[in-house]
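Residue numbers are given in full-length UniProt numbering: position 84 of the sequence shown equals residue 84, and the series is strictly consecutive.
For each residue, glycine too, the CB sits at the ideal point set by N, CA and C.
Quantities reported herein were computed from a predicted structural model and do not represent experimental measurements.
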Amino acid sequence: MRNNHVFIEDTRFIFSTNFSGDPERDKYGSAERKANLVIPDINIARQLIDEGFNVKMTKPKEGEEEEFIPTYYVVIKLAYRDRNGEPKKWPPKVLLIVEDNMTELDEESVKCIDYIWIDKVNVVLNKYESDRGKSLYIKTLEVFQRTEDDPILAKYAIRGRQLHDEDDDINFNPQNDEDIPF
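See below:
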């Protein structure tokens, strides 16, 4: 993988996501699409720190300091448009995986991630540096929705599952009113 990319797999988001860009979802009222991503590999966390990225650590609750193990995390950004508001030539790829179904989310539908239970995340990030500092932008994001604790969602998420019985289908012929059962 190129040096300007970071690949992090089998991770999760920490705190609320704001892929909708809704200022009301952001603690500081920002409309920037972003999330806090856990960095499970200490070596990746150290590499990003050494490169000047703002890697943060969770802090222990009062009274739990002795056994506390910090979690490293970093803000990741999602941009479908450039600074001028024009669509990017190479927009990010965001994939929602539910059981064995994959759906590519677009600029509008990506906000659904803010409202689902997530099992795990895999991501390829682009490193970006500007006069305002260093940032990590999503190149490809794979989000696995949790379904095992939701039997209704799991039932309809299985690819190829027949959702109705073809024998119960009514043969509808709009040319012949006699076929209409009502």
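{"Query": "If you pair each beta-carbon of the segment 90 to 104 with each one of the segment 32 to 52, do three or more pairs fall below 8 Å?", "Result": "no"}
{"Query": "By DSSP, does arginine 161 sit in helix, in strand, or in coil?", "Result": "Reliability of the predicted coordinates at arginine 161 is poor, the pLDDT of 46 falling under 50, and the value obtained from them is presented with this limitation in mind. In this structure, arginine 161 counts as coil in the three-state DSSP scheme."}
{"Query": "With distance defined between alpha-carbon atoms, name the residue in Asp149, Arg33 and Phe144 nearest to valine 121.", "Result": "Phe144"}
{"Query": "Distance check for isoleucine 69 and glutamate 104, CA to CA, integer angstroms please.", "Result": "35 Å"}
{"Query": "Since valine 55 sits in a beta bridge, which residues does DSSP pair it with?", "Result": "Answer is none; valine 55 lacks a bridge partner."}
{"Query": "If we ignore side chains and look at the alpha-carbon of each, how far apart do valine 55 and aspartate 131 end up?", "Result": "18 Å"}
{"Query": "Where does asparagine 43 sit, in a helix, a strand or coil, going by DSSP?", "Result": "helix"}
{"Query": "Does the CB of glycine 63 have a neighbour CB from chain D at under 7 Å?", "Result": "Looking for chain D here will not work: only one protein chain is present."}
{"Query": "What residues in its chain sit with their C-beta under 6 Å from that of serine 20, if we drop five residues either side in the sequence?", "Result": "Lys111 and Asp114"}
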